[in-house]
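*Asks:*
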Amino acid sequence: MISKSKALKKNLTTKNHANSMIDYTSYKYLDIQKKWIICEGYLHYRYDQIKLLNLSRFANYYVVLAKIPIEDDKPIFVMYLYGNQKQKPLKFFQLDEYERISDQCSKPIESKYVLFELIGKDKSDIEVFGANNSDERDKWIKHIHQILNRTNHNFISNDLLMVRPDLKQSWKEGSHKIDHINGDVTSIYEPFIPK
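Remember, the numbering used here sits 362 above the position in the sequence shown when you count from 1.
(1) Do the CB positions of residue 391 and residue 423 come within less than 9 Å of each other?
(2) Alpha carbon to alpha carbon, how far is residue 463 from residue 500? Give it in angstroms, no decimals.
(3) Are the Cβ atoms of residue 420 and residue 409 separated by less than 9 Å?
(4) Output the boundary residues of the beta strand (DSSP E) element that contains residue 464.
(5) Please classify residue 418 as buried or exposed, where buried requires at least 16 other C-beta atoms within 10 Å of its C-beta.
(6) For residue 534, which residues from the same chain have a beta carbon less than 8 Å from its beta carbon, with the 5 sequence-adjacent residues on both sides left out?
(7) Tell me whether residue 413 sits in a helix, a strand or coil according to DSSP, three-state version.
(8) List the endpoints of the continuous beta strand (DSSP E) containing residue 482.
(9) Counting along the chain, where does the beta strand (DSSP E) carrying residue 456 start and finish?
(10) Nearest to residue 450 by alpha carbon, out of 513, 510, 394, 469?
(11) By Cβ distance, which residues of its chain are closer than 6 Å to residue 503, with the 5 residues on each side in sequence left out?
(12) Do the CB positions of residue 454 and residue 512 come within less than 9 Å of each other?
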């Protein structure tokens with residue numbers, strides 16, 4: 363009887379583990395295991411664009427670049443954009459759907475941020491991100507470029523460098539208190555307040 367309950371317990375654990383892996387697109391920040399995180403920190407994301415006037419609007423998100431294990435132990439690389447660590451990501455990018463990253467924007471965009479682009483396999487699929495300085499941008503580009511090279515060549519290694527950039531702000535340090543000089547930037551961070 364003891365061995366049967368151990369087997370049942372093992373099956374439930376495996377089943378629960380497998381079920382938790384299915385919907386990786388909606389992991390809350392607190393659901394992501396630290397060992398999956400490659401890079402995390404604040405970035406600005408262009409969420410709106412008025413092409414006629416060449417205007418772009420950016421919002422500050424907490425971005426997590428992660429290597430998520432899925433079935434058959436084949437990982438996928440994703441970027442989550444969070445406004446609140448208790449909620450699902452507001453944006454999700456699966457990096458195997460993107461072809462390259464550029465340290466400059468293909469079209470002029472007026473911004474106080476140091477911009478870079480994530481370019482999809484469909485050339486019209488371009489995501490624009492902004493960092494506070496070129497060092498921060500270069501760290502993100504390095505990690506994303508390394509991932510894109512691996513996924514585009516169907517080569518995924520377990521030795522991908524897991525580094526968290528030494529950013530001045532982190533989720534826990536309250537960067538939601540930053541006053542934005544530029545009126546087109548909206549902070550959407552809601553701090554976690556325990557009950």
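Ideal placement from N, C-alpha and C gives every residue a C-beta, glycine not left out.
*Replies:* Here's the rundown:
(1) Along the sequence shown, read from residue 1 onward, the residue named residue 391 stands at position 29. Along the sequence shown, read from residue 1 onward, the residue named residue 423 stands at position 61. The answer is no: Cβ separation not under 9 Å.
(2) Here residue 500 is taken as the residue at index 138 of the sequence shown, counted from 1. Here residue 463 is taken as the residue at index 101 of the sequence shown, counted from 1. Rounded to whole angstroms, the gap between the alpha carbons of residue 500 and residue 463 is 11 Å.
(3) Against the sequence shown, residue 420 aligns to sequence position 58. Against the sequence shown, residue 409 aligns to sequence position 47. Closer than 9 Å, so yes.
(4) To locate residue 464, count along the sequence shown from 1; it is residue 102. First-last of the beta strand (DSSP E) with residue 464: 460-464.
(5) To locate residue 418, count along the sequence shown from 1; it is residue 56. Residue 418 should be labelled buried.
(6) Within the sequence shown, the letter at position 172 stands for residue 534. The pLDDT assigned to residue 534 is 47, lower than 50, so where the model puts this residue is not dependable, and the model offers no usable value.
(7) Your numbering for residue 413 matches position 51 in the sequence shown. In the structure shown, residue 413 sits in a helix (DSSP, three-state: H, G or I).
(8) By one-based count along the sequence shown, residue 482 stands at place 120. First-last of the beta strand (DSSP E) with residue 482: 476-482.
(9) Working through the sequence shown from its first residue, we reach residue 456 at position 94. Where residue 456 is concerned, the enclosing beta strand (DSSP E) starts and stops at 453-456.
(10) As a working note, residue 450 is residue 88 in the sequence shown. Selected option, being the one with the closest Cα: 394.
(11) As a working note, residue 503 is residue 141 in the sequence shown. So the qualifying residues of the chain are 463, 465, 478.
(12) Walking along the sequence shown from the start, residue 454 turns up at place 92. Walking along the sequence shown from the start, residue 512 turns up at place 150. In this structure, residue 512 does not lie closer than 9 Å to residue 454 by Cβ.
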